[in-house]
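Read through the structure below, which is laid out as structure tokens, and then see the notes.
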Amino acid sequence: MGVNLKGRNFLKIIDFTNRELNYLVDLARDLKRAKYAGTEQKMMEGKNIALLFQKASTRTRCAFEVAAYDQGAHVTYIGTDGSQFGVKESVADTAKVLGRMYDAIEFRGFAQKDVEDLAANAGVPVYNGLTDLWHPTQMIADLMTIREAKGELKGLKFVFAGDAKNNMGNSLMMACAKTGMHFVGAAPKEYWPSKELIEIAKKEAAVTGATISFSENMKEACTNADVVYTDVWVSMGEPKEVWEKRIKDLKPFQVNAAAVSVAKEDYIFMHCLPAFHDLETEVGKDIYDKFKIDAMEVTDEVFLSKHSWAFEEAENRMHSIKAIMVATIGK
Ligand code: CP
Ligand code: NVA
Numbered sequence: 005m006g007v008n009l010k011g012r013n014f015l016k017i018i019d020f021t022n023r024e025l026n027y028l029v030d031l032a033r034d035l036k037r038a039k040y041a042g043t044e045q046k047m048m049e050g051k052n053i054a055l056l057f058q059k060a061s062t063r064t065r066c067a068f069e070v071a072a073y074d075q076g077a078h079v080t081y082i083g084t085d086g087s088q089f090g091v092k093e094s095v096a097d098t099a100k101v102l103g104r105m106y107d108a109i110e111f112r113g114f115a116q117k118d119v120e121d122l123a124a125n126a127g128v129p130v131y132n133g134l135t136d137l138w139h140p141t142q143m144i145a146d147l148m149t150i151r152e153a154k155g156e157l158k159g160l161k162f163v164f165a166g167d168a169k170n171n172m173g174n175s176l177m178m179a180c181a182k183t184g185m186h187f188v189g190a191a192p193k194e195y196w197p198s199k200e201l202i203e204i205a206k207k208e209a210a211v212t213g214a215t216i217s218f219s220e221n222m223k224e225a226c227t228n229a230d231v232v233y234t235d236v237w238v239s240m241g242e243p244k245e246v247w248e249k250r251i252k253d254l255k256p257f258q259v260n261a262a263a264v265s266v267a268k269e270d271y272i273f274m275h276c277l278p279a280f281h282d283l284e285t286e287v288g289k290d291i292y293d294k295f296k297i298d299a300m301e302v303t304d305e306v307f308l309s310k311h312s313w314a315f316e317e318a319e320n321r322m323h324s325i326k327a328i329m330v331a332t333i334g335k
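Numbered per the working numbering, the sequence shown spans residues 5 to 335.
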């Protein structure tokens with residue numbers, strides 16, 4: 005039977021099979037080619053999409069907007085200012101209202117429960133644009149990027165270094181489990197995903213031939229890696245006070261020249277972005293003044309090297325979010 009994702013929510017990777025994930029990656033690849041070739045067909049004319057953001061975004065917001073416009077749909081951006089969401093109006097009531105006006109709703113926020121409650125009450129597909137727990141739309145872009153670079157996913161050694169208990173670590177562990185990659189989390193134990201999530205990932209891995217492991221030794225983790233991935237050490241919504249401990253704990257897991265020297269010769273570097281790789285940001289400068297560290301999770305040497313696919317990955321956010329929308333609400 006063919007894959008049919010019409011009307012489906014996109015809340016977390018666990019909800020999808022390997023086949024469905026690869027179907028979305030295939031569709032994203034086709035849509036990317038069509039856009040480049042000037043042959044894109046509009047599958048979402050007349051559709052309206054609400055974009056609800058409780059946290060900042062560059063890539064996710066722009067990806068949803070451009071993807072919608074390319075496909076003939078309209079969007080409404082709803083930020084934290086000027087919306088009653090969660091302040092004067094419950095998540096359920098907001099979902100019921102938006103579901104009557106829009107064909108789909110994107111939500112970026114804190115609690116995974118909020119996006120699940122939206123989905124339970126909206127009556128239209130809800131897309132998780134990032135919560136504290138998961139970042140599923142990023143996964144389709146990441147799988148797409150790895151396939152572009154490596155041809156196929158199954159059997160690759162995938163290392164996630166740094167704060168592996170955050171939305172990105174959780175999501176990448178699950179995406180590897182679902183698609184047959186060998187996931188290695190390189191981090192101190194207190195930064196590993198929860199036991200429950202590791203158990204779920206291991207069960208999925210047993211089906212696809214993937215493996216899930218962790219190492220507190222960066223060199224050991226990166227040995228023979230095909231993909232080395234990292235994310236910020238402090239995520240949106242976390243207090244400034246955690247920086248000092250994070251730097252101390254995660255500095256040994258920085259992706260730098262020494263760390264990748266043991267990876268495969270043709271390894272690729274990935275990062276969901278934004279990244280702290282130099283002193284060109286306010287936060288980067290502030291951290292430098294306080295802790296005298298001029299790069300955090302990744303050094304320029306790696307970030308700007310020929311191994312880095314970070315900006316292809318960022319572009320793929322748009323093609324893959326377009327695929328998610330076309331698959332769920334397209335004609
Ligand atoms: N990777 C990502 O989600 O980027 P934004 O926070 O800019 O949306
Ligand atoms: N872990 C990061 C991901 C940003 C895309 C955060 O939540 O801030």
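Yeah, the Cβ is synthetic: ideal placement off N, Cα and C, and Gly gets one too.
All values derive from a computational prediction rather than experimental measurement.
Nearest to residue i (by Cα), restricted to the options the options
{"i": "Lys268", "options": "Lys161, His139, Ala191 and Met222", "result": "Lys161"}
{"i": "Leu137", "options": "Ser219, Glu242, Asn260 and Glu284", "result": "Glu242"}
{"i": "Pro192", "options": "Gln258, Leu277 and Lys182", "result": "Gln258"}
{"i": "Ser324", "options": "Phe68, Lys16 and Arg12", "result": "Phe68"}
{"i": "Leu277", "options": "Trp237, Asp298, Val266 and Lys255", "result": "Trp237"}
{"i": "Arg12", "options": "Tyr131, Val287 and Ala72", "result": "Tyr131"}
{"i": "Ile251", "options": "Val119, Tyr195 and Val70", "result": "Tyr195"}
{"i": "Gly133", "options": "Ser87, Ala126 and Met143", "result": "Met143"}
{"i": "Met274", "options": "Val70, Ala153 and Thr80", "result": "Ala153"}
{"i": "Ala210", "options": "Val163, Ala229, Leu254 and Lys158", "result": "Lys158"}
{"i": "Ala32", "options": "Gly334, Lys326, Ile333 and Thr332", "result": "Lys326"}
{"i": "Met47", "options": "Lys207, Phe57 and Tyr73", "result": "Tyr73"}
{"i": "Met148", "options": "Ala331, Glu316, Met329 and Gly334", "result": "Glu316"}
{"i": "Tyr76", "options": "Gln45, Thr84, Val101 and Arg63", "result": "The identity of residue 76 in the sequence shown is Gly, whereas the question assumes Tyr. Answer by Cα proximity: Gln45."}
{"i": "Gly6", "options": "Gln58, Asn26 and Thr84", "result": "Asn26"}
{"i": "Asp298", "options": "Asp282, Glu305 and Lys206", "result": "Asp282"}
{"i": "Glu245", "options": "Ala99, Glu208, Ala179 and Ile291", "result": "Ile291"}
{"i": "Leu122", "options": "Met178, Lys182 and Phe14", "result": "Phe14"}
{"i": "Met177", "options": "Val232, Ala124 and Glu156", "result": "Val232"}
{"i": "Ala108", "options": "Asp97, Val128, Glu200 and Val29", "result": "Val128"}
{"i": "Ala318", "options": "Ile272, Met222, Thr62 and Glu208", "result": "Thr62"}
{"i": "Glu156", "options": "Asn22, Pro256 and Thr98", "result": "Asn22"}
{"i": "Thr98", "options": "Asn125, His78 and Arg112", "result": "Asn125"}
{"i": "Gly90", "options": "Thr64, Cys66, Val119 and Ala71", "result": "Val119"}
{"i": "Thr234", "options": "Phe307, Ile18, Glu200 and Glu203", "result": "Phe307"}
Simplified DSSP state of residue i, which is helix, strand or coil
{"i": "Asn52", "result": "strand"}
{"i": "Gly189", "result": "strand"}
{"i": "Ser324", "result": "helix"}
{"i": "Lys310", "result": "coil"}
{"i": "Ile17", "result": "helix"}
{"i": "Thr80", "result": "strand"}
{"i": "Ala318", "result": "helix"}
{"i": "Asn132", "result": "strand"}
{"i": "Ser175", "result": "helix"}
{"i": "Ile297", "result": "coil"}
{"i": "Val330", "result": "helix"}
Classification of residue i by the beta-carbon crowding that lies within 10 angstroms, buried from 16 upward
{"i": "Glu110", "result": "buried"}
{"i": "Ala261", "result": "exposed"}
{"i": "Met185", "result": "buried"}
{"i": "Asn320", "result": "buried"}
{"i": "Met105", "result": "exposed"}
{"i": "Thr285", "result": "exposed"}
{"i": "Gly190", "result": "Per the sequence shown, the amino acid found at residue 190 is Ala instead of Gly. Looking at its Cβ environment, which holds 16 or more other Cβ atoms inside 10 Å, Ala190 is buried."}
{"i": "Tyr40", "result": "exposed"}
{"i": "Gln88", "result": "exposed"}
{"i": "Thr43", "result": "exposed"}
{"i": "Glu248", "result": "exposed"}
{"i": "Gly103", "result": "buried"}
{"i": "Gly334", "result": "buried"}
{"i": "Thr80", "result": "exposed"}
{"i": "Arg112", "result": "buried"}
{"i": "Ser175", "result": "buried"}
Cβ separation of residue i and residue j, assumed to be a contact under 8 angstroms, to the nearest whole Å
{"i": "Glu301", "j": "Gly173", "result": "Actually they are not in contact, since the Cβ atoms of Glu301 and Gly173 sit about 12 angstroms apart, beyond 8 angstroms."}
{"i": "Ser219", "j": "Asn171", "result": "Wrong, their Cβ atoms sit about 21 angstroms apart, outside the cutoff."}
{"i": "Phe295", "j": "Gly288", "result": "Contact doesn't hold; Cβ gap of about 11 angstroms is too wide."}
{"i": "Phe1", "j": "Ile150", "result": "The displayed coordinates of the chain run from 5 to 335. Any statement about residue 1 would go beyond what the structure contains."}
{"i": "Ala54", "j": "Ile82", "result": "6 angstroms"}
{"i": "Lys16", "j": "Pro140", "result": "5 angstroms"}
{"i": "Ala331", "j": "Leu9", "result": "4 angstroms"}
{"i": "Val163", "j": "Ala205", "result": "That pair is no contact at about 15 angstroms."}
{"i": "Val266", "j": "Lys223", "result": "6 angstroms"}
{"i": "Cys180", "j": "Ala145", "result": "15 angstroms between Cβ atoms; not a contact."}
{"i": "Ile336", "j": "Leu28", "result": "Lying outside 5 to 335, the shown extent of the chain, residue 336 is not represented and no answer is given."}
Go through the segment 96-126 residue by residue and report every complete run of the alpha helix (DSSP H) that reaches 4 residues or more, in order. 116-126
Inside the segment 261-287 only - alpha helix (DSSP H) runs reaching at least 4 residues: 261-264
May I have a chain-ordered list of the alpha helix (DSSP H) segments no shorter than 4 residues that lie completely inside the segment 23-76? 63-74
Unbroken stretches of the alpha helix (DSSP H), 4 residues or longer, contained in the segment 138-166: 140-154
My parser needs the alpha helix (DSSP H) runs of 4 or more residues fully inside the segment 211-269; what are they? 222-226, 247-254 and 261-264
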